[in-house]
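Note that this note's numbering gives residue 57 to position 64 of the sequence shown, counting from 1, and the numbers run on in steps of one.
Ideal Cβ positions, reconstructed from N, Cα and C, are used throughout, including at glycine.
All remarks here apply to the structure that follows.
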Amino acid sequence: MKSSIAIDSGNKETHYELGMVYVAKNDSKSALTEFEKAIQIDGKHALSWYEKARLLDEKSQRQRKEQAYIEAITANNQFTEARWELGNLYLKNEQYPNAIRSVSWYLKYDPDNRGGDQIGSNTP
């Protein structure tokens, strides 16, 4: 994978995929670096924003985490998983109106939970 980056360092997908390899290896710092490189190449790369948000700490980096989820949703308005995660973040921080809006959208557009097994997986 690193040789792919040496050949085409301007490819957002290569940086995203390398970031996912680092996630699988539990190397959050390197993963975050790769997701940020993908975002620098294409600021609307929803998956990189989403994965970046997932890596940021909820307590010390809550605002950055929230903003990364919002960027993922802005880049892809139908990104149900990002909406669900954002709703959970709001819920954990007692921002109930925002949580209701985010989770309500998720339930409206993914009523059969096609986006995954999110329901009940991240509740506090």
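Comparing C-alpha distances from Ala61 to each of Phe28, Asn86 and Asp1 shows the shortest one belongs to Phe28. In terms of Cα proximity to Arg57, the closest of Ile66, Trp98, Ala68 and Lys45 is Lys45. DSSP places Gly80 in the uninterrupted alpha helix (DSSP H) bounded by Thr73 to Lys85.
In the three-state reduction of the DSSP assignment, Glu51 falls in the coil class, being assigned neither a helical nor a strand state. Under the 10 Å beta carbon count, Ala24 is surrounded by 16 or more other beta carbons and is classified as buried. In this structure, Tyr43 is the residue among Tyr43, Gln54 and Lys52 with its C-alpha nearest to the C-alpha of Thr67.
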